[in-house]
Structures are given as C-alpha cells and as structure tokens.
Amino acid sequence: MELGLEILLRAGASLLGSSPSEAATNVADVLKQRLVQYHAITSTECPALDESLEDLQLRTAMEALYVLQRLQCEWSRDDAASRSQGGPSSAGIGSRDLTKVRTLLAIVFKWGVEPLLGRVVNAIPVKTPAKPQAHAGAKIIDLTGVPDDYDRLSGVVLRFLTLPFPDDPQGPLLQTAVTSTLLSKHLGDLLKPCIVLGWMPKNLATECIKSVDSVRPLVMRLLARLPAAQTIAAFGSILSDNSVPLPYVRKSCSFLLCRQLLRPEGVAGLLAAVFGEEDISGEDAPLEKLEHVARLLDTAPASMRLLTILSGDVRRVPPVYRRAIAFALSRMLASEDDKKRAIVSRILLARLHQPFLTASPVDDPPEVPSQTSDASPELSSSEALGILQTLLTNADPSPTFITNLLTPIVPALYAILSDLEATKTSDPALKESVRGFLVTWGRIISAREGIDALWAVVQGEGGEWKADVAGNLSRVATAGQKPSLSLFTPEDLRRAEEAGELDADANLFNLRPDPTQFVRYLKSIGRSDISSEIFVRLLEAYREVKAQAESDPLRTLLYLQLILQMQSHLSTDNSASSILNKPDHILSFIKHALESAAAPAPAAPKEERRPNNRGLHLEDLRIVEEDEAEVEEGDSDDEEPEPGASTDDEMVATSLNLLLSILEAHPELSARVAPILNDIFSLLEPLSKDASDTIRPLAREARMVMTARLASTSAPSSSRKSKKSKGDEETPQETYQKALKLLQDPLLPVRAHGLLLLRNLVSARRAPAERGAVRLEEPALDRALVPGILSIFLQSVQDDDSYMYLNAVQGLSAMVDGFGKDVLRGLVRTYCEGTDGVGRASVMTQQEVDTRTRVGEALGQVVRRCGDALPAYSDILVPPLFQAVRTQDLPTTLRTSAISLLAQFARTNSLALLPYAVDLSEAMVDLLQVETVPAAPRQERTAPGQAPDGSREDKATDDEAEEPTPSPSPVPDTMDAQPTSKNSKFPPLRRAALHFLTLLIQACTERLNDPGANDALAFPTRLVRRAKTTLGYVAATDEDGVVRVMAREAQEGLEQLGQAVMGM
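Numbering follows the numbering used here, with no gaps: position 974 of the sequence shown is 980.
Written out as structure tokens, the structure is:
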C-alpha cells in the first residue's frame, strides 16, 4: 500500500506521541495508544498489544524503521525526478519534520538495536573471562529467544545499510534527511552491530548465531564514501564503549580504524575527529587527547602523513593540530621500544633529513614531484626547515626528541645559519629560528654527541648553501666562485682605519666555519665540556697538519684561527663556556704535546722515485742525485740547535701557555688533585733549559707556579688555617701563603714581590740579648716548609730576568742565615753537582752554568756575612769548592767561580783556610805551571819585495789566482763568548788563581807580622821556591798582560813574605 509523504510524517508523529490526546501515565499504555493511532493512520490491521513493555518498545522501533524507509524512498524519488528535470529538488523538509526524523532514528537504535544487540552478544561464547557487562543482567540467561533476536537484528542492520545507497552500487550516497541524520548522529551505533555480525569468527558461530557475510561489503562500501574524520570518530566511540566485551570486536574495530588512518586524509581526519571542539573554541588540547592521538599514530606510515600535513602552508594548519602532530612525533622518537624507535627514525627522519644532506645542482631547477596517493612528495629544504620549526615549537621539551631530530643535521643547520648571517637580505625571523635550534640543541645534547657533531662542522661537512630571490634555501654540490683574495695595501689600511671599517676578526680568506662566529656560538651554549674537548681536538689537528709536508694551508689557517679565537674569548672569563673549566682533557693534551716534543724526531723517509708512464722528463736524465737544501739562508752567527731541542716550538709554547692559563684559572689545582701534573712537571725540566728564548721562560714560570702550588697545598693544616694573633700583624704562615699566591701571578713584579716576602720570612730574626746586645734567632717558620721554599728560590735563580734571579740569590743567602748549615750544604751541593745532582756532565748547557754561578753568588754573600764565624763552616765549603777547581770536566767558568769563592773565603777570614792553606797554595802553583800559555814569538819583518826562499812570490801568485770565499767570522776564543767551554787555557782561570794565591800569601805575611800569632801559616820552603820560579816564568812569558801583572804582584808578595820570615 503506497502512503504519501504527508501520511508518513503523520504516522511517524503518532509513534512519537505528539498527539495531545495522550492522558495515560503508564508507559505501556502510552505505547499501546501510539501504536493504535499509527495503524489507524496507515490503514493497517493493529495486532494484539497484550505484550510486555520491552516488546512494545521493540514493536515501536520496527514501525519507526518502516516509516524511515518509506520516507527515504519518497524523498529519494522526488530528488531523482528533480534532477532529471534539471530543476531544484521539490523534496522540501521543515525543521519539525527533521526533528521527527532524528527522534525516529533514536527510537530505532534505543528500543530496537541496543536490546537486540545486547541479547545476541550475551549468547556469543567468550573464550576469556570478561568483566561484568551492562547487558549481563541475571546470571541465568534465557537463550530461548536468541534465534529470533538474531534474525531481527540482522534484518535491522541490513535495512539500515541499504538506506543510504540507491539502486546503483557505485553511485553516491543519497542526500536526504534520513541519510544525513543517520550518518552524522548514529554512525557508531550502526557500525557496532555491523562488526558484531559481519566480522564474527567462524569458531564462535553456533547453530542459531552465524556471521552475516553480506554485511562486510556494505560496510566497506559505506566507509569508502564517508569522510575519514567521520569514520574515525565512529570507530573511536566504539573502542571507548565497553558494552561489547567480545575481543574480536575490538580487534576488528582497530583494524578498520588503521585502514582509515592509511587513507590520504586519514591523519587529518583523526585530528579533526579528536580536536574538533578545541579547534572551534581555540582552547588548548588536553593531555589525554594528545596521548590518545599519539598512541593511534604510533606507526611509521602515519608519521609520514604527519609530515605531509606540515609540508604545506603551516599557517593553514590549526594550532591544536600542530601541537598534536609535534606531540605524536616526539612520542614516536622517544619510544622505549628500540625496534619501533629505529623503524620510525629510519623512515621519518630519513625523509625529514634528506633535504639537508643531499646537494642539488646549482643550475638545474628542482624537479616537481609526482603527486600520488601512495607516495609522499619529497620535501624541499625550506619545507623541511619549516617542519622543524613547527615541531620544535609545539613539541614537549624532550631532550631525546630534540637530539634525534637535530643531531644528524647540525652541520647543515650551522652552514645555513652562516649563510643567513652573511646575507644581509635574509629573513631575520628564520635566522633567529635556526640560531635558536642550534643553541637549544647545544645546551641539552650529551657531551660525546655534541663534540662529534661540532667537529663535523669544523670539518666542513655542512656543505654550501644558497638562497634564491624568494628566500628558498638549497644545498649546492660545489661552492660558487669566490672573489680572488686581495691583501691590504698601506693606503687601503689607512682608509679602513679612518672609516672605522677595519675589523681584526674579519674572515678575509672565507674560512668555513667562520672562526669568530663559531667561537661565539660555543660561548652561547655554555658547555665547557664540549668547548674544552673541541679545543683539544683543534690542537691535535693543528699539530698533525703542521707535521704534514703537503697540507692544505687554508685548513691549517682555519685550525690556527679557531685556536686563537677560543683562547681569546673562551679562556679569559669565568663563564660556563670557558675551556678552562674542564682542565682534564687539556692537561692530557699538554702532557702528550710535551712528550712528543721531548721524543727524538724520526728520520725523514727517503722518497722513492715513482715510475712515470707519461714519458721522459728532465729529472730522468739526472745521473747524480741533487743535493737537497745545499744552501740555507741565514746569518753568519746563527747557532746550531742544541741536541734534544724541541722541533715544534710553536706547539710547545702553546701548551705551556695553556698550562699557565689553567693554573691561573684553577687556584686549587695541584698535583694532589690532578696527578697528571707530576708527569707534566717532570717534562718541564728539560724545557726549562731549552735553547729557545720563548720556551725556556714559559717552562720556568710553569715550574715555579707548580712548585708554589704544591708547597701551598703541602703546608700543614694548622699552618693554613692559622689566624692573626696580634692586631693586624700577619703570622708567618699567612705570609707564606700570601707569598705563594703572589708567585703564581703572571705579572713579573708581583712574582718578585712574592720572592721578597719569602726572603723576609726565612731571614734570621733579631732578638735582644743581655746588656743590650742583639742576637739572631731562627725564623718563626715551620721547618717542614723549608725544602719547598728552597726549591722555589733555586728555580727562580734560573729566571732570565735579573730582577727575579737577584731576589732569588738574596733569598738563598738569607735562608743560610736563618737555617744554618743544612741549607748551606744544599747550596754547596747544588753549586758543585748541579740541580740534577750530577757533578760531571758530559755536555753542560749555558743555563746550567748560569744557574750554578748564581748559586755561587749566593754562597759569596753567605761567606761575607759569616765574618768571624766563617771557620765554623770551612769544612762544609772548602773541600767541595777545592774539588770543583780540580775537576777538569767542568766548564772553565765554574772552575774560575770556585776559585773566586775561595778567594772570598780568604779575604773574609783567613783563619778559615788554616787547615787547607798549604794544599790550596800548591794547587794554585800547579795550575799556573800547567795552564800558562806562553806568548807567541814575533815574526821577522822582510824588505818589500824580498822573498828569501821564493815562496812568498809563489804564494802571492796563488792567492791572486784563487781568492778564497770569505768565511764567517769565528766565535771569539774567550770565556765570556764560550761560557760552557772546558778550555782551561782561558786567562780568567789563571787570573783567579793568581788572585787567590796572592791573598793566601798576604794572609800568611800578616799572620807572621802579628806579634801574637805563630808561624802556622808559614809556607814550606820548597813551596816558596816553586812559587817564585813559576811566578817568574808566568810574569815573563804568559800571553795575557793582566796575568803577567798579577804574577809580578804575587812575586812581590812572596818577597814580603820572605822578609817577614827573616824578621822572625
């Protein structure tokens, strides 16, 4: 029976109870009245209505579904007729009718689908125990009506699935009020029973409940024509509903949801389904939704869709979507599942990093990628950079996410930043964004990964980048042609200075990376652990390229400039980026550099001639090998390098400067804290005697600082913690610590003042005695500190600056006054055996000679201060000095100095030499007798042109024929010019011996003339005769005029001695 549209709407209204005649209060009675009225309107027979409430609700739902089907047919027929006539649709519907349709659909699902589905689900066996369900009801379930419920549910589902489709299976959805309401309001309610019936496994099927196979193609057909956002929202509602406890339902629903996500618009649909409310309201997305989306998108294909969404105009993507995408990607890359994280990183990061790692030809235009549904287009560098900016701006501040995202492309990002900073027209916002990326990465990255990535920047692995007119960045395969290098002329330099355009840090050679910018970046991240390791690597690399014969000069210059910039900007303050904050690696490098400098240089391998297959050349005709470096340019007075001298003075000097900087930056650093300083200290000893005027003072200063530092930390705890006892007067311990601190200062006058404080500290104190006399007391200083102070003075004696070593000499003499014989024995040992304790060295450097002579000056001051107390120290001084005079292996300078000290001994107090006078006198006579040098005989003059044997004319002829090349002027044969020479024929040795012998003779004469003295100092007769003979011979024949004069003075002294003896 055909019913018109008006009758159908009235029939539907009767089922909804819109008639005002309803007066019953019982729900069952109300439903009975509605059904009676419905059958009256539709002119159908009304069945008996003596049923339960559930049955009445189900009957009402079935009749409502019938009305909806008929309305769908009427509206679809009118719509088809209107389309065939080319006019507007005549199937108009008002808001009241639309409300009726919505209510009828709600009744069908509420009173029909849900009860039937609940009873059918309870009848399906579940293998695993499930949670208590809402539809379970009583524990005893009546299954007698299950077949009827299953048939009714199947029929209802199939009737609903056929509603949206016309007769054509491939046609579009019917655009009616029933279709739109069903799919927009009840899609999830429809798909739930469809999955239960259509995807039921065969092993769960029974005789009365079986899988409805016809449901699956209808559902897939429906899903294919609906937007992904709508279907995803429906599946999400099913997964969040626990009313269906069947495991296969959730599994099938998840499978269908994944298929929807894999659609081209699937990810965007998910975001629209989840964050639709937030997008409209503009509120922030709650964490629960973000985590839900991250769990759904925790697959590699979904991550690719995320990048596709962000690869376009990011401004068109709602902020809440960007936040969700960044959150999901960060969770993927920070997953605890290593396998899953590796897969996502390999697929996702490979596509995101590819534009930064692949160079494109300069002249070729970028290829337009094919837009297909299966493959995502390749990203450009600008798009990838925009995605990075979006991700880092919206993602959680996760160090793992930032590390995985940026570490592989840090060299490229730094190269992009350098290009942006070099281009004045670059986008300032983009420049700040890239700089922010790098700074953020640098502050959270681990030390090892950060060092490796930044070292790749130094090696230039970021490539060359250029920007077009539109600002799009691209990496080019080869660098563009740079302008030729030009040097400043004096006129250009003057103009640049006047205009204020002269920049000392300008990158004139276009070094990559720019040293100034790179060091500025290292300072901005504040990572001293990374900066110090990069600095050590630069030093190692610089040393390696310097050692290579054919190294790139620009690469060498780059390393050098980076080292200098880091020393200038990262070692002068106490900031977090200072390379001196982490001294361990730098100390290791210093040790390695000093060890390499001390090691003998390997012999250069002889280059073998390589076979040349391109024919003969001039070199192939050479019979005798060409001498290499036959002539070296240089002055005639160039000195030969000493054995063991450093072959790389520049690197050694850099290492020593670093050591001093580290010691200055870390006042608490000593060998007790860093044992490696002990090895470095031992390596400084040979360098303190190096021939280089640059290395030697640096090594001595470093040894001085380390010695003072060790002495400071070795002081007893009571000494370091002692307080002032009387007013503002400092205690000796405080003065000691203050002096050690001053000795570590880089300024020379400050260090000299530290020596002065130590000298005052070790000087003997004047204490009042009886009857107003003054006596000397030992200094009020812990004797445990004496060895350290003595070592400091001995090292300062070696300083090249006279202000330093003169203070040290006075300090040594003051120590003898304060602490007596123990210190004196140490000085004598140092003077006679050297600082190393080796008395007879085969080769003695000039520095060693200078040190021992300066210690001799201190001994001379000690001898003069002893005065009448000198005989008490004669046994300590005289035998070692006498032994030094007799040692022929010592340089003549030291032997002369020893004789001068003995002469000072005799001049101060002759009684001190009483036991040794005869032996010393005989030794001086023997020395004069052996070491005298007779004057050369004068040559006879001949008349001009006279040639007695004819040889002169021949020689003159030969000289005219062969004029020799002028040879370089030889070094003067004097002791001052050759201080390390062992030539005992130098006149100063004989002069010192004559002076000492004269003093001994005068002392003996004075003793004989003294009425109260005995003849203890009388020379033996045989010694007097030998002395007269030797002195007479020397006075007559020695080549040195001063020696001859002094010999005559000694003869006169002998005559006076003889007269004194005769007077006795």
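C-beta: ideal position from N, C-alpha, C; glycine also.
Looking at the unbroken beta strand (DSSP E) that takes in Glu470, where does it start and where does it end? Locating residue 470 in the sequence shown gives position 464, counting from the first residue. Its beta strand (DSSP E) spans residues 470-473.
Taking the C-alpha atoms as reference points, what is the distance between Pro361 and Ala401? Within the sequence shown, the letter at position 355 stands for residue 361. Within the sequence shown, the letter at position 395 stands for residue 401. Using only the alpha carbons, I get a separation of about 22 Å.
Does Pro1026 pass the burial test, meaning 16 or more other C-beta atoms within 10 Å, or should it be called exposed? The residue you call residue 1026 lines up with position 1020 of the sequence shown. With fewer than 16 other Cβ atoms within 10 Å, it is exposed.
Taking the straight line between their C-alpha atoms, what separation do you get for Arg858 and Asn513? Taking the first residue of the sequence shown as position 1, residue 858 is located at position 852. Taking the first residue of the sequence shown as position 1, residue 513 is located at position 507. In this model, Arg858 and Asn513 are separated by some 50 Å (Cα to Cα).
Residue closest to Met206, alpha-carbon to alpha-carbon, out of Glu1012, Thr364, Val250, Val42: By one-based count along the sequence shown, residue 206 stands at place 200. Answer by Cα proximity: Val250.
Give the single residue among Pro153, Arg347, Leu64, Arg83 whose Cα lies nearest to the Cα of Val114. As a working mapping, residue 114 is identified with position 108 in the sequence shown. Among Pro153, Arg347, Leu64, Arg83, the Cα nearest to that of Val114 is on Leu64.
Can you tell me whether DSSP reads Asp458 as helix, strand or coil? Numbered from 1 along the sequence shown, position 452 holds the residue referred to as residue 458. Under the three-state reduction of DSSP output, Asp458 falls in the helix class.
Own chain partners of Asp219 with C-beta closer than 8 Å, once the 5 adjacent residues on each side are dropped: Residue 219 sits at position 213 when you count from the first residue of the sequence shown. Within the same chain, Asp219 has close Cβ partners Gly204.
On the DSSP letters alone, give me the boundaries of the beta strand (DSSP E) that Val756 sits inside. Counted from its first residue, the sequence shown places residue 756 at position 750. In the DSSP assignment, Val756 falls outside any beta strand (DSSP E) and lies within the alpha helix (DSSP H) extending over 754-768.
I need the boundaries of the beta strand (DSSP E) containing Val323, first residue and last residue. By 1-based counting over the sequence shown, the position of residue 323 is 317. Segment: none, Val323 is in no beta strand (DSSP E) and carries neither H nor E.
Limits of the unbroken beta strand (DSSP E) element including Leu480: To locate residue 480, count along the sequence shown from 1; it is residue 474. Reading off the sequence shown, one finds Ser at residue 480, where the question assumed Leu. Secondary structure note for Ser480: its beta strand (DSSP E) is the uninterrupted segment 479-482.
Buried versus exposed call for Lys198 [16 or more other C-beta atoms within 10 Å across all chains shown]: Within the sequence shown, numbered from 1, the residue matching residue 198 stands at position 192. So Lys198 counts as buried.
What does DSSP give as the partner residue(s) for Asp1044 in the beta ladder? Sequence index remark: in the sequence shown, residue 1044 carries index 1038 (1-based). Looking at the DSSP output, Asp1044 sits in a beta bridge with Pro940.
Taking His45 as part of the alpha helix (DSSP H), name the residues at either end of that continuous run. The residue labelled residue 45 in the question sits at position 39 within the sequence shown. 33-48 is the extent of the alpha helix (DSSP H) around His45.
Going straight from the alpha carbon of Cys200 to that of Val225, what length do you get? Your numbering for residue 200 matches position 194 in the sequence shown. Your numbering for residue 225 matches position 219 in the sequence shown. When only Cα atoms are considered, Cys200 and Val225 end up about 7 Å apart.
Neighbourhood of Asp103 by C-beta, 8 Å cutoff - its chain only, sequence neighbours within 5 removed: In the sequence shown, the residue the question calls residue 103 occupies position 97. The beta carbon of Asp103 sits closer than 8 Å to those of Leu15, Ala183, all from its chain and outside the five residues before and after it, given in chain order.
Tell me whether Tyr809 is buried or exposed, calling it buried when 16 or more other Cβ atoms sit within 10 Å of its Cβ. The sequence position of residue 809 within the sequence shown is 803, counting from 1. Exposed: under 16 other Cβ atoms inside 10 Å.
Suppose only complete runs of 4+ residues qualify. What are the alpha helix (DSSP H) ranges in the segment 515-584, listed by chain order? Runs of the alpha helix (DSSP H) inside the segment 515-584: 521-531, 534-553, 559-575.
Taking Arg860 and Val815 to be in contact with their CB atoms under 8 Å, please state how far apart those CB atoms are, rounded to whole angstroms. For the purposes of this step, residue 860 is taken as residue 854 along the sequence shown, with counting starting at 1. For the purposes of this step, residue 815 is taken as residue 809 along the sequence shown, with counting starting at 1. Yes, they are in contact, since the Cβ atoms of Arg860 and Val815 sit about 6 Å apart, within 8 Å.
Please work out which residues of its chain come closer than 6 Å, Cβ to Cβ, to Leu517, disregarding the five sequence neighbours upstream and downstream, and give them in chain order. Residue 517 sits at position 511 when you count from the first residue of the sequence shown. A distance below 6 Å between beta-carbons, with the five flanking residues on each side excluded, links Leu517 to the following residues of its chain, in chain order: Leu564.
Which runs of the alpha helix (DSSP H), 4 residues or longer, sit entirely within the segment 854-896? Annotation: the segment 854-896 contains the following complete segments of the alpha helix (DSSP H) (minimum length 4 residues), in chain order: 880-892.
Give the secondary structure of Glu384 by DSSP, where H, G and I count as helix, E and B as strand, and everything else as coil. Position 378 of the sequence shown holds residue 384. Note: Glu384 maps to coil in three-state DSSP.
Along the chain, where does the alpha helix (DSSP H) that runs through Asp154 open and close? Taking the sequence shown and counting its residues from 1, one reaches residue 154 at position 148. That run of the alpha helix (DSSP H) goes 152-168.
What is the rounded straight-line gap between the Cα of Pro877 and the Cα of Ala918? In the sequence shown, counting from the first residue as 1, residue 877 sits at position 871. In the sequence shown, counting from the first residue as 1, residue 918 sits at position 912. The alpha-carbon atoms of Pro877 and Ala918 are separated by roughly 4 Å.
Taking the C-alpha atoms as reference points, what is the distance between Thr413 and Arg449? On the sequence shown, residue 413 is found 407 positions in, with the first residue counted as 1. On the sequence shown, residue 449 is found 443 positions in, with the first residue counted as 1. Rounded to whole angstroms, the separation of the alpha carbons of Arg449 and Thr413 is 12 Å.
On the CB-based measure, 16 or more other CB atoms within 10 Å of its CB, does Leu385 come out buried or exposed? Position 379 of the sequence shown, counting from 1, holds the residue named residue 385. Burial check for Leu385: the Cβ neighbour count within 10 Å reaches 16 or more, so the residue is buried.
Trp117 - containing alpha helix (DSSP H), residue span: Residue 117 sits at position 111 when you count from the first residue of the sequence shown. Per DSSP, Trp117 belongs to no alpha helix (DSSP H) and is neither H nor E.
Beta-carbon within less than 7 Å of Ala820's beta-carbon, same chain only, minus the 5 sequence neighbours each way: which residues are those? Within the sequence shown, numbered from 1, the residue matching residue 820 stands at position 814. Taken in chain order, the residues that qualify are Arg765, Val768, Ser769.
With DSSP collapsed to three states, give me the class of Glu215. Numbered from 1 along the sequence shown, position 209 holds the residue referred to as residue 215. A small correction: the amino acid at residue 215 is Ile; Glu does not occupy that position in the sequence shown. Here Ile215 sits in coil by DSSP.
Alpha carbon to alpha carbon, what distance is there between Leu1003 and Lys888? What you label residue 888 is simply residue 882 of the sequence shown in a count that begins at 1. What you label residue 1003 is simply residue 997 of the sequence shown in a count that begins at 1. Before going further, note that residue 888 is Phe rather than Lys in the sequence given. Near 13 Å, if we compare the C-alpha coordinates of Leu1003 and Phe888.
I need the boundaries of the alpha helix (DSSP H) containing Pro793, first residue and last residue. Counted from its first residue, the sequence shown places residue 793 at position 787. Counting along the chain, the alpha helix (DSSP H) containing Pro793 begins and ends at 792-803.
Helix, strand or coil: which one does DSSP assign to Trp205? For this step, residue 205 is matched to residue 199 along the sequence shown. Three-state result, Trp205: coil.
Of all the alpha helix (DSSP H) runs that stay within the bounds of the segment 382-429, which reach a length of 4 or more residues? Correct list: 387-400, 405-412, 416-428.
Restricting to runs no shorter than 4 residues, where is the alpha helix (DSSP H) found entirely within the segment 264-299? Qualifying alpha helix (DSSP H) stretches, in chain order: 272-280, 282-287.
Taking C-alpha atoms, which residue in Ala758, Ile596, Thr719 lies nearest to Leu687? Within the sequence shown, the letter at position 681 stands for residue 687. According to the sequence displayed, residue 687 carries Phe and not Leu. Ranked by Cα distance from Phe687, the first of Ala758, Ile596, Thr719 is Ile596.
Are the CB atoms of Lys1034 and Gln1062 nearer to each other than 8 Å? The residue you call residue 1034 lines up with position 1028 of the sequence shown. The residue you call residue 1062 lines up with position 1056 of the sequence shown. No, they are not a contact pair.
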